[in-house]
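> Just dropping this structure here.
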Amino acid sequence: MELPFELATAIEEQLAFIPIKKLSAIVTRLSEDYRSSRMSSGEFDEGSYIGTYEEALAYVAFRMPATFAAAYFALSQAKERLPALSPKTLLDVGAGPGTAMWAAAMVWPELEHITLVEREQNMIDIGKKLAEYAGRPSIRQAEWIKADVMGEWSVSQHDVVIASYVLNELPQHSIEQFALGLWDKTGSLLIFIEPGTPAGFSLIRQVRERLLAQGASIVAPCPHGNSCPVPEDDWCHFSQRLNRTRLHRQIKGGTLSYEDEKFSFVCLSRIPGSDIKGIVVRHPQIRKGHIYLKLCTPEGIVNATITRKDKERFKEARKLDWGSIVRW
Ligand SMILES: C[S@@+](CC[C@H](N)C(=O)[O-])C[C@H]1O[C@@H](n2cnc3c(N)ncnc32)[C@H](O)[C@@H]1O
9 MELPFELATA
19 IEEQLAFIPI
29 KKLSAIVTRL
39 SEDYRSSRMS
49 SGEFDEGSYI
59 GTYEEALAYV
69 AFRMPATFAA
79 AYFALSQAKE
89 RLPALSPKTL
99 LDVGAGPGTA
109 MWAAAMVWPE
119 LEHITLVERE
129 QNMIDIGKKL
139 AEYAGRPSIR
149 QAEWIKADVM
159 GEWSVSQHDV
169 VIASYVLNEL
179 PQHSIEQFAL
189 GLWDKTGSLL
199 IFIEPGTPAG
209 FSLIRQVRER
219 LLAQGASIVA
229 PCPHGNSCPV
239 PEDDWCHFSQ
249 RLNRTRLHRQ
259 IKGGTLSYED
269 EKFSFVCLSR
279 IPGSDIKGIV
289 VRHPQIRKGH
299 IYLKLCTPEG
309 IVNATITRKD
319 KERFKEARKL
329 DWGSIVRW
């Protein structure tokens with residue numbers, strides 16, 4: 009997965025304003041904060057997490073490429089299940105530097121009006137700078153609203169609404185109310201994305217169940233609207249591999265040329281998505297004469313073995329990856 013060229017250029021040019029050493033130090037500190045359970049433990053004081061402009065730049069350097077990859081995957085899956093959806097308006101809540109907007113504009117180039125809601129002025133400032141590099145007018149002319157979504161804020165309904173990596177920054181007791189509020193603002197499709205951890209998935213499961221009860225249809229990743237069959241000691245998540253640039257490697261202090269972003273997500277729609285048979289929920293195991301698939305299906309979690317003898321199906325199964333939709 010690569011960032012769109014304009015966004016990659018924008019990030020590189022904005023990062024040129026800050027010495028690598030300084031950026032690395034901020035990235036290290038922020039990574040430690042993100043890894044700590046402070047945010048989801050209920051101890052989070054709801055104060056400013058990314059306060060300074062340099063911290064916002066560090067977020068852009070160390071997290072934005074990965075959260076972009078997750079958003080792009082989630083939105084692409086929703087598009088596959090809702091091929092007739094042609095959204096004109098997008099609302100990105102807890103937008104940070106506008107990551108999900110860039111992904112959405114790639115998935116639905118027909119988007120005309122984008123609204124972003126974010127609490128931190130420094131995130132908004134850098135998000136606007138990045139947006140100047142975009143070829144699409146919808147990104148360049150996006151409307152940024154500075155607001156705390158835990159307080160009073162209001163926007164009209166938008167076709168697509170997304171809250172990407174935001175739930176775990178909100179107080180646990182307000183998650184369902186927040187999700188219901190976003191559902192009210194949703195014309196067609198509402199997406200939540202969280203880190204692919206047990207804590208992240210538990211938030212996704214919580215909003216999934218709450219909005220199903222509200223009448224929403226699930227269009228991704230689940231192939232059904234039954235209660236989630238994932239056992240309590242496991243968590244449903246997906247992975248996207250993204251290439252690291254030289255700058256990215258310098259900042260993160262790693263030598264690997266790629267990183268794998270793990271995330272959980274759910275896409276809820278006002279209309280049902282196309283029927284599918286299942287979704288691959290682990291890396292397929294490809295052996296000599298067999299392919300082992302772990303699938304989530306309307307009948308629950310299923311371990312399927314496809315043998316070479318079943319020629320057509322074996323050929324199809326070879327193309328599948330973790331997260332692929334299965335239609336047979
Ligand atoms: C982890 S960042 C995710 C940014 C972006 N959505 C992405 O996927 O890269 C979470 C963002 O949510 C914002 N946020 C957290 N709590 C908020 C609140 N109560 N109101 C508005 N924004 C909030 C933070 O300032 C931060 O920019």
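Under the numbering used here, residues 9 to 336 are what the sequence shown spells out, in order. Even glycine gets a Cβ: it sits at the ideal position worked out from N, Cα and C.
Hey, is the stretch 61-74 in contact with the stretch 14-29, meaning 3+ C-beta pairs nearer than 8 Å?
These segments touch.
> Do you know offhand how far G135's Cα is from P145's?
To locate residue 135, count along the sequence shown from 1; it is residue 127. To locate residue 145, count along the sequence shown from 1; it is residue 137. One C-alpha to the other measures close to 15 Å.
> Spatial neighbours of I284 within its chain, please: CB distance less than 6 Å, with the 5 preceding and 5 following residues excluded, ordered by chain position.
Counted from its first residue, the sequence shown places residue 284 at position 276. P231, I333 and R335, listed in sequence order.
> Could you compute how far the alpha carbon of N251 sits from the alpha carbon of L11?
For the purposes of this step, residue 251 is taken as the residue at position 243 of the sequence shown. For the purposes of this step, residue 11 is taken as the residue at position 3 of the sequence shown. Roughly 9 Å separates the two Cα atoms.
> Using CA atoms only, rank isn't needed, just tell me which of I147, I212 and E160 is closest to V174.
In the sequence shown, the residue the question calls residue 174 occupies position 166. When each option's Cα is compared against that of V174, the closest is I212.
> Count the other CB atoms, across all protein chains shown, that sit within 10 Å of the CB of K317; report buried if there are 16 or more and exposed otherwise.
Within the sequence shown, the letter at position 309 stands for residue 317. Counting Cβ neighbours within 10 Å, K317 comes out exposed, since fewer than 16 surround it.
> Comparing C-alpha positions only, which one of V215, P117 and L198 sits nearest to S182?
The count along the sequence shown starts at 1 and reaches residue 182 at position 174. Among V215, P117 and L198, the Cα nearest to that of S182 is on V215.
> Excluding sequence positions up to five away, which residues of its chain have a Cβ less than 7 Å from the Cβ of A113?
Here residue 113 refers to the residue found at position 105 when the sequence shown is read from its first residue. Counting only Cβ-Cβ distances below 7 Å, and skipping sequence neighbours, we find L119, R144, S146 and I147.
> Please classify D100: is it buried, with 16 or more other beta-carbons within 10 angstroms of its beta-carbon, or exposed?
For this step, residue 100 is matched to residue 92 along the sequence shown. The residue in question, D100, is buried, as its Cβ has 16 or more Cβ neighbours within 10 Å.
> Could you check whether the Cβ of A103 sits closer than 7 Å to any heavy atom belonging to ligand 1?
The sequence position of residue 103 within the sequence shown is 95, counting from 1. Yes, the beta carbon of A103 sits closer than 7 Å to at least one heavy atom of ligand 1.
> Is H256 closer than 8 Å to G204 when the C-beta atoms are compared?
Numbered from its first residue, the sequence shown carries residue 204 at position 196. Numbered from its first residue, the sequence shown carries residue 256 at position 248. No, Cβ-Cβ distance for G204 and H256 is not below 8 Å.
> Would you mind working out which of A86, M131, Q85 and A111 sits nearest G102, comparing C-alpha positions?
Sequence index remark: in the sequence shown, residue 102 carries index 94 (1-based). Considering only alpha carbons, the answer is M131.
> Can you tell me whether DSSP reads Y266 as helix, strand or coil?
Taking the first residue of the sequence shown as 1, we reach residue 266 at position 258. In the structure shown, Y266 sits in a strand (DSSP, three-state: E or B).
> Expressed to the nearest angstrom, what Euclidean distance is found between the alpha-carbon atoms of A108 and Q129?
Indexing the sequence shown from 1 puts residue 108 at position 100. Indexing the sequence shown from 1 puts residue 129 at position 121. So the alpha carbons of these two residues sit roughly 18 Å apart.
> Determine the burial state of F25: buried for a count of at least 16 other Cβ atoms within 10 Å of its Cβ, exposed for fewer.
On the sequence shown, residue 25 is found 17 positions in, with the first residue counted as 1. Exposed, by the Cβ-count rule.
> Going by C-alpha distance, which of G208, Y266, A64 and L198 is nearest Q180?
The sequence position of residue 180 within the sequence shown is 172, counting from 1. Here the closest residue by C-alpha is G208.
> Measuring only the C-alpha atoms, how far is T313 from P239?
Looking up residue 313 in the sequence shown gives position 305. Looking up residue 239 in the sequence shown gives position 231. If I take the Cα positions, the gap works out to 21 Å.
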